[in-house]
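S.K.:
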Amino acid sequence: MKILKLILHFAVGALVGIGLGYLLGATGWATEVLDRVGRVELGPNHFALFLAGVPALVFLLVLIHELGHLTGGWFAGFRAYLLLVGPLRVERVRERWTVGLNPRIATWGGLAASAPDDARNLRGRMALYAVAGPGANLVTGGIVLTALVVAQGAFPPVVHAWMLAFTLGSLILGVLTLIPGQAAGMYTDGGRLLRLLRTGPELEGDLALIALTGLSLAGRRPREWPEALVDQALSLPPDSLMGVFARQVAYLRTLDLGDMEGAREYLDEALEHRDALGKAGGATIRLHGAFFYATHGGDTVRARELLDEARESPLEARHLRPMAEAAVRMAEGDEEGARAKLDEARLLTGSSMDRGSSGAEEEWLELLEKGVRR
């Protein structure tokens, strides 16, 4: 099934590309633009220089896309939290911005995160946030193309070639990200926009999850999340990507309220449908499951299975894996190993951008630490 979905996504992308090519060719627009832009010929040295600049060009295209999202979020009244582009990581941690290296190569393709502080007109604001990334690529590509047309070959050959490549890359990235789809446990920009066009309970559930995410990032602990918003999110189908996220949110809130049986019910329902998240998105709920079954569920075997099943994912919070490992090792009687993982988890929890969830998890780690160090 996953292979069929992948083939379908490639097929849709190919059809869009063929359609654009046919449209531009049939109207003669592409030929006319190329005539005005001017064709460029590169010798061996110039071609080598052009190739040397391609990585920087790709970095720039992705940076523009992600900054477009953050800019759209700013206009929508969202608070920015994260920017990942290639090896660059810019993150808001406890109201302070940090700049460092991004060690997770799987996210070098770019990721930006902004969230609302309130639920006011959330549908329109989310649409602006989603469309701003592809829009930034298409607008900047259009500006560079206009400069090429106006200059009519006045730029040096290598610069001319870079500008042509930038224009083409901007068009491709802008159009492809607008195609509805799902990858690595997340929707594409087009997928987000398509979901926002719907009406009914599923739209309301999506908007509730977005609002809850904003509350958590702003520092509201799970037990403080409004019950009405959580119930609204739970209207999403349990076997859907967003539906599993909704059960994960309900699990965290219920656990933070001290209702272990209720937490187990939501956790089990999320785990039952964890494959809807894919390998990347499913790691988080598996790690939550490993922690719960090791500390509250009384099932060390189940906890170990979930931990081993949780392959490392670029989407998981950095403290969550050592936290789950500490709980499982403690349940298995490996106190020395549990201590090492506890220290690692506590260090990483303090640098988490999700202040709400991590606030609860810091408390859970303290309780776990008392059991290890008694």
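Residue numbers for the sequence shown follow the numbering used here, beginning at -16 and rising by one. Glycine residues also receive a C-beta, built at the ideal position from the N, C-alpha and C atoms.
Pull up the distance between the alpha-carbon of ASP172 and that of LEU161, whole angstroms please.
M.R.: Distance between the alpha carbons of ASP172 and LEU161 is about 5 Å.
S.K.: Quick one, are the C-beta atoms of ARG322 and GLU345 less than 9 Å apart?
M.R.: No, the pair does not count as a contact, with Cβ atoms beyond the cut-off.
S.K.: Considering GLY83, what are the terminal residues of the beta strand (DSSP E) in which it resides?
M.R.: Run containing GLY83: 79 to 84, per the beta strand (DSSP E) assignment.
S.K.: Which of the three DSSP states is assigned to ARG99 in this structure?
M.R.: Contrary to the premise, residue 99 reads as Pro rather than Arg in this sequence. Three-state DSSP puts PRO99 in a strand.
S.K.: What would DSSP say about GLU74, mapped onto helix, strand or coil?
M.R.: Correct three-state label for GLU74: strand.
S.K.: Mind checking SER334: buried by the 16 CB within 10 Å criterion, or exposed?
M.R.: By the 10 Å Cβ count, SER334 comes out exposed.
S.K.: Should ASN358 be labelled buried (16 or more other beta-carbon atoms within 10 Å of its own) or exposed?
M.R.: The structure shown does not extend to residue 358, since the chain spans only -16 to 357, so no value can be given for it.
S.K.: Let me make sure I understand the geometry here. Which of SER223, SER296, PRO220, LEU238 has the alpha-carbon closest to that of ARG206?
M.R.: When each option's Cα is compared against that of ARG206, the closest is LEU238.
S.K.: Can you give the beta carbon distance from THR150 to GLY124, rounded, assuming they're within the 8 Å contact cut?
M.R.: Going by Cβ atoms, the distance from THR150 to GLY124 rounds to 5 Å, so yes, they are a contact pair.
S.K.: Closer than 9 Å, CB to CB, is ALA293 near chain D or not?
M.R.: As a matter of chain content, chain D is missing from the structure shown, which is built from one protein chain.
S.K.: Can the beta-carbon of SER340 be found less than 9 Å from the beta-carbon of ARG230?
M.R.: No, the pair does not count as a contact, with Cβ atoms beyond the cut-off.
S.K.: If the criterion is Cβ atoms closer than 9 Å, does the pair ARG62 and LEU179 meet it?
M.R.: In this structure, LEU179 does not lie closer than 9 Å to ARG62 by Cβ.
S.K.: For PHE61, report the span of its beta strand (DSSP E) as first-last.
M.R.: Residues 61 to 68.
S.K.: Apply the 10 Å Cβ neighbour rule to VAL133 and answer buried if 16 or more other Cβ atoms are within range, or exposed otherwise.
M.R.: VAL133 comes out exposed.
S.K.: Between the alpha carbons of GLU74 and MET336, how many angstroms are there, rounded?
M.R.: Computed Cα separation, rounded: 7 Å.
S.K.: Give every residue of the same chain whose Cβ lies closer than 8 Å to the Cβ of THR283, excluding the five residues on either side of it in the sequence, and list them in chain order.
M.R.: If we look at THR283 and ignore the five residues flanking it on each side, its Cβ neighbours are TYR276, ALA277, VAL311, ALA314, GLU315.
S.K.: Buried or exposed for ASP189, please, with buried defined as at least 16 other CB atoms from any protein chain shown within 10 angstroms of its CB.
M.R.: So ASP189 ends up on the buried side.
S.K.: With respect to the alpha helix (DSSP H) encompassing ARG322, which residues constitute its N-terminal and C-terminal limits?
M.R.: 318 to 332 is the span of the alpha helix (DSSP H), which, as asked, contains ARG322.
S.K.: Any chance you could list the alpha helix (DSSP H) runs of at least 4 consecutive residues sitting entirely within the segment 151 to 231, in chain order?
M.R.: Listed in chain order, the complete alpha helix (DSSP H) runs (minimum 4 residues) inside the segment 151 to 231 are 172 to 179, 184 to 200, 210 to 216.
S.K.: Assign LEU94 to one of three DSSP states: helix, strand, or coil.
M.R.: In this structure, LEU94 counts as strand in the three-state DSSP scheme.
S.K.: In angstroms, rounded to a whole number, what distance separates the CA positions of HIS271 and ALA233?
M.R.: Near 12 Å, if we compare the C-alpha coordinates of ALA233 and HIS271.
S.K.: Using a Cβ distance threshold of 8 Å, determine whether the segment 92 to 100 contacts the segment 47 to 63, with at least three qualifying pairs required.
M.R.: Touching, yes.
S.K.: Would LEU240 pass as a contact of ILE268 if the rule is Cβ separation under 9 Å?
M.R.: Contact flag unset, no.
S.K.: Is it buried or exposed for GLY183, if we count other Cβ within 10 angstroms and need 16 for buried?
M.R.: Exposed, because fewer than 16 other Cβ atoms sit within 10 Å of the Cβ of GLY183.
S.K.: DSSP three-state call for LEU289: helix, strand or coil?
M.R.: In the structure shown, LEU289 sits in a helix (DSSP, three-state: H, G or I).
S.K.: With distances taken between CB atoms, is the gap from HIS279 to ALA246 smaller than 9 Å?
M.R.: In contact: HIS279 and ALA246 (Cβ atoms closer than 9 Å).
S.K.: Alpha carbon to alpha carbon, how far is ALA253 from PRO221?
M.R.: The alpha-carbon atoms of ALA253 and PRO221 are separated by roughly 7 Å.
S.K.: Give me the Cα-Cα distance between ASN120 and ALA166, rounded to the nearest whole angstrom.
M.R.: Those two C-alpha atoms are separated by around 20 Å.
S.K.: How many Å lie between LEU186 and PHE228 at the Cα?
M.R.: Going by the C-alpha atoms only, they are around 14 Å apart.
S.K.: Taking 8 Å as the threshold, find out whether the segment 75 to 87 comes into contact with the segment 137 to 154 through three or more Cβ pairs.
M.R.: The answer is no - the segment 137 to 154 does not touch the segment 75 to 87, with fewer than three Cβ pairs under 8 Å.
S.K.: Within this structure, are the beta carbons of ALA293 and ALA309 separated by less than 9 Å?
M.R.: Their beta carbons are not under 9 Å apart, which means ALA293 does not touch ALA309 by this criterion.
S.K.: Counting C-beta neighbours from all protein chains within 10 Å, is the total for PRO117 16 or more, i.e. buried, or is it exposed?
M.R.: Looking at its Cβ environment, which holds 16 or more other Cβ atoms inside 10 Å, PRO117 is buried.
S.K.: As an exercise, report each continuous alpha helix (DSSP H) stretch of at least 4 residues that is fully enclosed by the segment 252 to 301, in chain order.
M.R.: Listed in chain order, they are 261 to 278, 283 to 292.
S.K.: Can you name the start and end residues of the alpha helix (DSSP H) that ALA134 belongs to?
M.R.: That run of the alpha helix (DSSP H) goes 105 to 134.
S.K.: By Cβ distance below 6 Å, which residues in the same chain neighbour HIS256 in space, the five residues on each side in sequence not counted?
M.R.: Cβ within range, chain order: PRO221, ASP222, VAL227.
S.K.: Let's see if you can read the secondary structure: which residues bound the alpha helix (DSSP H) around GLY51?
M.R.: It spans 27 to 58 - the alpha helix (DSSP H) in which GLY51 sits, taken as one unbroken run.
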